[in-house]
Amino acid sequence: MNGIKIRGTGRGLPGRLVTNRDLENIVDTSDDWIVSRTGIRTRRYCAPGETLSGLAASAARRALEDAGVSPAEIGACIVATLSADTLVPAAACLLQRELDLPPDIPCFDLNAACTGFLFALHTMECLLNASPRKFGLVVGAENLSRLINWEDRGTCILFGDGAGAAVVECREGWPSISAVTGCHGNDALLRVPGAGTGERSLISMEGTRVFKFAVEAVPWCMDQVLKKSGRTAAEVDFFVFHQANARIIDLAVRKYRIPPEKYYKNIAEYGNTSAASIPLVLSELREQGRIGPGSRVLAVGFGGGLTWGGCLIEFA
Ligand code: ACO
């Protein structure tokens with residue numbers, strides 16, 4: 028199978044900035060607690076009139092521009108999300124219309140919670156191998172502020188809205204991204220009920236147990252991706268972690284002895300943006316010039332499902 032590389036990245040962020048102090052006025056919490064337990068200082072929420080589709084479109088437009096690729100060259104479009112504006116049409120279908128992507132390509136949403144963007148990269152690699160068009164659009168977008176349970180101080184402080192996008196290219200001879208994906212069907216630890224359950228569609232989570240799962244899943248995924256790709260950690264230029272909790276990232280960094288210049292945290296600014304978190308990091312790093320053509324990035328994520336995933340992806 029031919030591999031994919033990232034050609035361009037972009038992000039779309041909503042306008043409403045919410046600080047920990049703002050949350051102190053809503054629930055019994057404190058800036059100190061939130062910062063010390065999670066690393067989060069602010070997050071962004073969609074303001075009235077802002078939509079997930081709008082965020083996804085801004086991120087995707089920027090990624091296409093960064094890649095120098097036109098919408099007509101796109102062979103597939105996947106939006107990883109658990110919080111699309113509508114279940115049908117999928118956010119990816121609305122993006123197809125908004126960006127004028129070709130009509131004869133697959134455009135669909137993918138829900139693997141916080142691991143969604145990595146599942147989508149893996150899926151995109153498979154799709155582009157079977158497509159005459161060699162570029163793909165992968166977006167991670169969330170409007171989680173709509174799903175927050177304001178009666179649960181353990182979860183309401185964690186989440187934020189945003190979108191990140193990557194334009195990828197598939198070429199003969201390029202190495203596969205060595206994706207590792209998996210899930211344990213578990214509807215107890217992390218849950219957002221949908222239509223048909225009779226429950227309110229709000230996020231509930233057993234945070235401490237998910238934390239324990241994550242602390243094991245992250246290094247396990249890293250090991251599996253390195254093994255599959257035949258690379259060592261020293262050959263990785265940058266490690267990109269799902270931004271769920273700064274302490275989870277710190278533990279992985281310590282275990283692998285990753286130097287500070289090789290990983291990045293933006294959780295302080297955005298909170299946990301689920302499927303958007305990894306592409307948001309990629310887009311910021313690219314803008315800062317810390318990753319670019321030739322960079323080899325190991326990305327790893329975990330989340331509801333419970334799902335986990337990782338891949339080793341290069342920049343074209
Ligand atoms: N402010 C103040 N106190 C709080 C708050 C709050 N916002 N929330 C909980 N507390 C209290 C609790 O009531 C508890 O008090 P008690 O000891 O008197 O009972 C105490 O703080 C400790 O609570 P814990 O839940 O044990 O805190 P923990 O250290 O586990 O941190 C957290 C909670 C931040 C949620 C952590 O467990 C975590 O980050 N888990 C992983 C989350 C994650 O990665 N999710 C996956 C992705 S999400 C997705 O896929 C959509």
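Numbering (the numbering used here), first residue to last: 28 to 343.
By construction, the Cβ of each residue, glycine as well, lies at the ideal position given by its N, Cα and C atoms.
So, residue i versus residue j, is the Cβ gap smaller than 7 Å?
i: ALA90; j: ALA192; result: yes
i: GLU169; j: ALA303; result: yes
i: ARG34; j: ALA94; result: yes
i: ARG48; j: ASP59; result: no
i: SER205; j: LYS255; result: yes
i: THR182; j: ILE230; result: yes
i: GLY167; j: PHE186; result: no
i: GLU100; j: ARG198; result: no
i: ALA111; j: ASP136; result: yes
i: ALA86; j: ALA190; result: yes
i: THR50; j: ILE184; result: For clarity, residue 50 is Leu in the given sequence; the question names Thr instead. Going by C-beta atoms, LEU50 is nearer than 7 Å to ILE184.
Could you check if residue i is buried or exposed, using at least 16 other CB atoms within 10 Å of its CB as the buried criterion?
i: TRP335; result: buried
i: ASP55; result: exposed
i: GLN270; result: buried
i: ARG71; result: buried
i: ASN52; result: exposed
i: ALA139; result: buried
i: ALA215; result: exposed
i: MET232; result: buried
i: GLU77; result: buried
i: GLY257; result: exposed
i: THR113; result: exposed
i: THR224; result: exposed
From the options, pick the residue whose C-alpha is nearest to that of residue i; which is it?
i: ILE285; options: ILE294, PHE268 and TYR297; result: PHE268
i: LEU79; options: ILE101, PRO41 and CYS197; result: PRO41
i: ALA222; options: ILE105, ALA215, VAL115 and PRO287; result: VAL115
i: GLY316; options: SER63, LEU155, ASN299 and PHE342; result: PHE342
i: ALA261; options: GLU288, ASP131, ILE132 and GLY331; result: GLU288
i: LEU333; options: THR142, LEU82, THR46 and THR113; result: THR142
i: PRO320; options: GLU125, LEU154, VAL195 and MET28; result: VAL195
i: LEU154; options: ASN299, ASN29 and ARG227; result: ASN29
Alpha carbon to alpha carbon, how far is residue j from residue i? Give it in angstroms, no decimals.
i: ALA103; j: LEU217; result: 30 Å
i: VAL327; j: PHE265; result: 11 Å
i: CYS73; j: VAL96; result: 28 Å
i: SER301; j: GLY163; result: 21 Å
i: ILE31; j: LEU339; result: 10 Å
i: PHE329; j: VAL245; result: 7 Å
i: ARG281; j: THR259; result: 16 Å
i: ASN156; j: VAL165; result: 15 Å
i: ILE132; j: ARG180; result: 43 Å
i: VAL62; j: PRO220; result: 29 Å
i: TYR290; j: ARG313; result: 13 Å
i: CYS134; j: PRO202; result: 25 Å
i: LEU325; j: ILE318; result: 12 Å
i: PRO98; j: PRO129; result: 7 Å
i: ASN234; j: GLY331; result: The residue you asked about is not Asn; residue 234 is Gly in the sequence shown. Those two C-alpha atoms are separated by around 11 Å.
i: GLU226; j: LEU82; result: 28 Å
i: ASP188; j: LEU171; result: 6 Å
i: GLY337; j: THR46; result: 31 Å
i: LEU109; j: SER228; result: 11 Å
i: ASN299; j: PRO75; result: 21 Å
i: VAL237; j: ASN213; result: 11 Å
i: ALA84; j: GLU125; result: 7 Å
i: THR36; j: ARG88; result: 9 Å
i: SER158; j: GLU92; result: 22 Å
i: TYR283; j: ILE305; result: 19 Å
Say whether chain D places a C-beta atom closer than 7 Å to the C-beta of residue i.
i: ARG281; result: The structure shown contains no chain D; it is built from a single protein chain.
Cβ contact check for the segment 228-241 and the segment 258-277: 3 or more pairs under 8 Å: yes
Validate contact between the segment 138-153 and the segment 117-128 using beta carbons, cut 8 Å, 3 pairs: no
The segment 167-185 in contact with the segment 195-209 per 3-pair CB rule at 8 Å: no
Touching by the beta-carbon criterion (3+ pairs, under 8 Å), the segment 306-322 and the segment 245-254: no
Cβ contact check for the segment 59-74 and the segment 281-296: 3 or more pairs under 8 Å: yes
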